[in-house]
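Protein sequences appear in the order of chains D and L.
Take 1 as the starting number for the first sequence in this note's numbering and just add one per residue.
Take 1 as the starting number for the second sequence in this note's numbering and just add one per residue.
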Amino acid sequence: MIKVFQRKSKQQFTVDLTQIYDVLVIGGGNAALCAAMTARKAGATVVVLEAAPREFRGGNSRHTRNLRYMHASANEHLTGPYLEDEFWEDLYRVTEGHTNETLARLTIRQSNNVGAWMARQGGMFQPAMRGTLHLARTNGFFLGGGKALINAYYATANKIGIDILYDAEVHDLQIQDGRFVAASFVTGNTTRRVRAQSVVVASGGFQANLNWLKEAWGQPADNFIIRGTPYNQGRLLRVLLDQGAKPVGDPRQCHAVAIDARAPKFDGGIVTRLDCVPFSIVVNRHARRFYDEGEDFWPKRYAIWGRLVAQQPDQIAYAIIDAKCIDLFMPSVFPPIQADSISALAAKLELDAADLETTVKAFNAAVRTGSFNADDLDDCATDGLSPPKSHWARPLDKPPFYGYPLRPGITFTYLGVTVDAKAQVVMQDERPAPNIFAAGEIMAGNILGRGYMAGFGMTIGTVFGRIAGKEAARYAIG
Amino acid sequence: MPSDKVLKEADRVMVICNACRYCEGFCAVFPAMERRRTFEDRDLKYLANLCHNCRDCYYACQYAPPHEYQLNVPRALAELRLETYRDAVWPGVFAGLIKHNGPAVASITVLSIAAVLLLTIVFSGPPTVFSTHLGENAFYRVIPYALMVIPFSSLAIYLIVVFLIGLNRFWRDAAGKPADFTDFRANGRALWDALRLKYLAGGGYGCNYPDERFSHIRRWLHHCVFYGFLLCLTSTTVAAIYDHFLHRPAPYPVLSWPVVLGTIGGVALLVGSAGLLYLKARMDSQPATPRSLGMDIGFLVLLFLTSLSGLLLLILRETPAMGTLLAVHLGIVMGLFVTMPYGKFIHAIFRYAALVKNAHESLREDNSR
Chain D
1 MIKVFQRKSK QQFTVDLTQI YDVLVIGGGN AALCAAMTAR KAGATVVVLE
51 AAPREFRGGN SRHTRNLRYM HASANEHLTG PYLEDEFWED LYRVTEGHTN
101 ETLARLTIRQ SNNVGAWMAR QGGMFQPAMR GTLHLARTNG FFLGGGKALI
151 NAYYATANKI GIDILYDAEV HDLQIQDGRF VAASFVTGNT TRRVRAQSVV
201 VASGGFQANL NWLKEAWGQP ADNFIIRGTP YNQGRLLRVL LDQGAKPVGD
251 PRQCHAVAID ARAPKFDGGI VTRLDCVPFS IVVNRHARRF YDEGEDFWPK
301 RYAIWGRLVA QQPDQIAYAI IDAKCIDLFM PSVFPPIQAD SISALAAKLE
351 LDAADLETTV KAFNAAVRTG SFNADDLDDC ATDGLSPPKS HWARPLDKPP
401 FYGYPLRPGI TFTYLGVTVD AKAQVVMQDE RPAPNIFAAG EIMAGNILGR
451 GYMAGFGMTI GTVFGRIAGK EAARYAIG
Chain L
1 MPSDKVLKEA DRVMVICNAC RYCEGFCAVF PAMERRRTFE DRDLKYLANL
51 CHNCRDCYYA CQYAPPHEYQ LNVPRALAEL RLETYRDAVW PGVFAGLIKH
101 NGPAVASITV LSIAAVLLLT IVFSGPPTVF STHLGENAFY RVIPYALMVI
151 PFSSLAIYLI VVFLIGLNRF WRDAAGKPAD FTDFRANGRA LWDALRLKYL
201 AGGGYGCNYP DERFSHIRRW LHHCVFYGFL LCLTSTTVAA IYDHFLHRPA
251 PYPVLSWPVV LGTIGGVALL VGSAGLLYLK ARMDSQPATP RSLGMDIGFL
301 VLLFLTSLSG LLLLILRETP AMGTLLAVHL GIVMGLFVTM PYGKFIHAIF
351 RYAALVKNAH ESLREDNSR
């Protein structure tokens with residue numbers, strides 16, 4: 001028996017590292033736990049190595065809130081059916097076809113009624129309420145959010161006898177003749193080694209690794225805010241790629257939304273997001289508009305705004321509304337910057353007052369009178385303005401005026417390892433590694449080449465976590 | 001007035017929560033919060049009393065310590081709740097009792113036991129107190145009927161007055177128009193929420209009490225205390241009716257309504273208060289405020305002693321211990337009643353008022369949809 005003292009969580013866990021586990025799971029978020037629980041229930045001995053301390057366990061899953069899954073009919077928490085074709089079309093649209101149809105359809109089909117499976121592992125859902133946006137039909141909302149789901153999964157994992165170590169960051173994999181043999185990890189200041197028959201890598205993307213982000217994006221990366229866990233350093237992604245795994249996805253592609261520029265650098269989570277864009281005009285630091293703010297409902301458009309802002313000078317933008325709109329969107333954690341005139345607001349936002357007034361005047365002049373309806377794709381649009389505003393366009397004329405500064409908020413990166421339908425990591429010679437599996441963000445780029453739709457990261461993590469867990473256990477114990 | 005610091009922290013917490021809303025399925029606090037974009041002091045006091053301290057939101061919170069936001073909703077609301085208790089105390093000179101509630105309740109109770117015991121011995125004489133009394137009027141031979149009825153009746157009237165003043169102050173400070181409190185449907189819904197302890201059920205899965213796991217144990221123990229207490233009150237009332245109108249003086253046979261109701265109620269109260277004390281000793285103290293610990297424990301111990309002494313009195317009423325036990329029991333009950341408006345019992349009144357306000361708001365919202 002080797003005792004491993006978990007310094008930060010002040011807890012001691014006793015784990016026998018002399019044994020050869022059936023399955024090693026690297027990571028501690030949704031995908032990792034789905035893999036671990038599935039493998040354990042298939043009869044395998046399982047150890048989970050989570051890089052974060054116990055309080056911050058769960059990777060980005062602790063910041064999530066819902067999961068999109070296929071279902072043939074309404075249930076206690078979903079208001080209507082969501083079938084494969086509609087799901088696929090939604091995915092095709094947001095990715096603009098940058099997806100692997102085989103794996104995408106596999107994900108969709110395997111997500112069928114996965115809410116019931118989650119509930120059996122302790123997951124809790126809430127009925128559709130005010131905070132469930134426009135997603136009450138397609139997405140199951142976790143009671144209490146992602147951290148509550150993760151807590152429930154950890155409780156189940158403990159109960160069914162999965163060994164879990166926190167503060168245990170895997171640094172390297174020992175791979176011999178294309179087969180995984182062991183992993184070395186650091187806990188406290190000690191490097192240790194754990195052996196297993198097979199490994200599931202579910203350790204997330206590389207978005208918290210600022211140097212790597214900078215490699216991909218150059219200088220603009222300095223202005224990115226990381227919405228989630230600081231523990232997703234992409235270390236295992238690098239290790240796998242260095243050991244010959246076939247990459248998938250563009251290192252610049254990611255799930256990025258426009259969030260409040262005042263957000264903390266890491267881990268700000270959901271409260272930093274801003275929902276005011278459809279009711280606003282958004283200008284860059286030259287006080288110019290650059291995209292149709294009212295193109296579609298916000299839940300269908302929020303995921304493109306991170307990139308849009310990232311492409312602006314200094315990666316900053318400002319959403320500006322007037323008194324008519326201040327109550328139309330979810331309140332934000334940061335108070336709006338407020339002024340009684342456009343020029344005064346410009347001064348507070350450090351924009352050129354004359355330029356902003358010109359932009360607002362041009363916008364106001366182009367607004368066609370319609371009947372405003374925040375809950376519908378209404379007919380309030382601009383005429384002859386470039387870029388246009390297609391819906392919810394109303395003149396900015398009622399003081400006070402409000403401004404929110406926006407920055408790109410990175411949720412997770414899409415560069416990953418290629419996998420097959422068994423979640424096996426595919427090597428550069430196109431052959432799958434027999435006992436190396438991947439699930440979650442680290443392989444989401446197979447399915448999400450670009451774009452994003454709400455709750456789909458959790459779908460990929462859950463479906464591929466289960467597949468990886470099942471296949472890893474099958475490899476280990478037959 | 002609540003301190004600025006406590007109000008500011010409650011406001012900071014609610015602003016963050018209102019931008020998140022992940023916990024809206026747990027209880028009434030979050031939907032009530034979502035009806036607002038900013039929070040006046042009165043809103044915060046109302047939300048603080050609507051919180052049942054189930055703590056589900058604390059363990060589900062992505063911003064809970066050690067996150068840099070240090071979000072601790074149950075603690076922030078508990079601290080403010082305590083200050084609303086203090087602000088509503090009447091007469092105001094007793095407000096200090098809220099701050100040092102544990103020692104205050106303990107010393108008042110000890111004093112009241114000593115006083116009743118001493119007066120009994122002095123007035124009835126040791127031979128009467130320490131001998132066996134059987135049959136009709138046995139209790140009144142130790143403590144005369146008038147001396148039992150008059151102090152407790154006056155105390156009851158005093159309690160009603162103090163609670164009405166407190167309720168009025170709370171409603172004015174935290175809720176709104178007096179007329180809203182008389183909303184019949186809102187009271188119906190609030191009563192139903194209170195009688196089921198709906199919001200100690202945390203969206204159906206229970207509280208995270210005493211620790212991170214979901215459990216209904218606290219809700220069931222609270223039910224034991226609440227309904228036990230109610231049964232004991234009913235038993236006393238039935239006994240009073242027997243005595244005044246049916247001319248059947250106490251003590252009553254084991255198979256009579258006063259004794260049956262009192263016994264069931266007493267046992268429920270005993271089990272409930274002991275269970276809640278046990279849970280409190282084991283609870284994770286992070287989502288609680290240490291400032292209310294004395295108050296919580298004091299009230300539970302007093303309830304426990306009330307039921308314990310009452311049950312012992314029943315068991316030993318035909319022995320020479322009866323006189324002493326009667327005096328001790330009445331002394332404890334006196335202590336319980338005297339401290340009631342200046343301690344944990346306030347939560348029952350304020351939480352009910354907050355539930356009425358919540359029901360009123362949500363009914364109005366349903367109507368406007």
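For glycine and all other residues, C-beta sits at the position ideal for the given N, C-alpha and C.
For residue i: DSSP bridge partner residues
i: E169 (chain D); result: D:V186
i: A104 (chain D); result: A104 (chain D) pairs with nothing; no bridge assigned.
i: S215 (chain L); result: L:C207
i: M427 (chain D); result: D:A245
i: I164 (chain D); result: D:V48
i: Y404 (chain D); result: D:A319
Where residue i sits in the DSSP three-state scheme
i: L325 (chain L); result: helix
i: M70 (chain D); result: coil
i: Q219 (chain D); result: helix
i: F299 (chain L); result: helix
i: P264 (chain D); result: coil
i: A17 (chain D); result: It is worth fixing the name first, because residue 17 (chain D) is Leu in this sequence and not Ala. L17 (chain D) falls in the coil class under three-state DSSP.
i: T306 (chain L); result: helix
i: H255 (chain D); result: strand
i: A32 (chain D); result: helix
i: L135 (chain D); result: coil
i: Q174 (chain D); result: strand
i: T462 (chain D); result: helix
i: M1 (chain D); result: The predicted model places M1 (chain D) with a pLDDT of 48, which falls under 50 and marks its position as unreliable; any figure quoted below should be read in that light. M1 (chain D): coil per DSSP, three-state reduction.
i: N435 (chain D); result: strand
i: T87 (chain L); result: Note that residue 87 (chain L) is Asp in the sequence shown here, rather than Thr. The answer is helix: DSSP assigns D87 (chain L) an H, G or I state.
i: T191 (chain D); result: strand
CB contact check: residue i to chain L, cutoff 8 Å
i: A439 (chain D); result: no
i: S280 (chain D); result: no
i: H286 (chain D); result: no
i: A221 (chain D); result: no
i: K389 (chain D); result: no
i: H71 (chain D); result: no
i: H63 (chain D); result: yes
Proximity below 8 Å, CB of residue i to CB of residue j
i: G228 (chain L); j: G265 (chain L); result: yes
i: N168 (chain L); j: A354 (chain L); result: no
i: H360 (chain L); j: A186 (chain L); result: yes
i: L300 (chain L); j: L270 (chain L); result: no
i: G115 (chain D); j: A60 (chain L); result: no
i: D275 (chain D); j: F329 (chain D); result: yes
i: F266 (chain D); j: T413 (chain D); result: no
i: L406 (chain D); j: A258 (chain D); result: yes
i: Y22 (chain L); j: R65 (chain D); result: yes
i: Y21 (chain D); j: T45 (chain D); result: yes
i: A310 (chain D); j: Y452 (chain D); result: no
Cβ of residue i within 8 Å of any chain D Cβ
i: Y352 (chain L); result: no
i: F26 (chain L); result: yes
i: V73 (chain L); result: no
i: S368 (chain L); result: no
i: E212 (chain L); result: yes
i: C23 (chain L); result: yes
Any C-beta of chain B under 8 Å from that of residue i
i: V29 (chain L); result: No chain B appears in this structure, whose protein chains are D and L.
(request) Determine which residues of the stretch 53-69 of chain L have a Cβ less than 9 Å from any Cβ of chain D, and write them out in chain order. (result) D56, C57, Y59, A60, C61, Q62, Y63, A64, P65, P66, H67, E68 and Y69
(message) Please list, in chain order, the residues of the stretch 197-209 of chain L that have any C-beta partner in chain D closer than 7 Å.
(response) G203 and Y205
(message) Give me the subset of the stretch 263-275 of chain D whose CB atoms are less than 7 Å from a CB atom of chain L, sorted by chain position.
(response) P264, D267, G269, I270 and V271
(request) Name, going along the chain, the residues of the stretch 445-459 of chain D whose beta-carbon falls closer than 8 Å to a beta-carbon of chain L. (result) none
(request) Please name the residues in the stretch 95-125 of chain D whose beta-carbon is closer than 7 Å to at least one beta-carbon of chain L, in chain order. (result) M124
(request) Taking only beta carbons into account, state which residues of the stretch 216-228 of chain L come closer than 8 Å to chain D, listed in chain order. (result) none
(message) Give me the subset of the stretch 326-355 of chain D whose CB atoms are less than 7 Å from a CB atom of chain L, sorted by chain position.
(response) D327, M330, P331, S332 and V333
(request) Return the residues of the stretch 26-56 of chain D that lie within a Cβ-Cβ distance of less than 9 Å from chain L, sorted by chain order. (result) P53, E55 and F56
(message) Give me the subset of the stretch 131-150 of chain D whose CB atoms are less than 7 Å from a CB atom of chain L, sorted by chain position.
(response) G131, L143, G144, G145, K147 and A148
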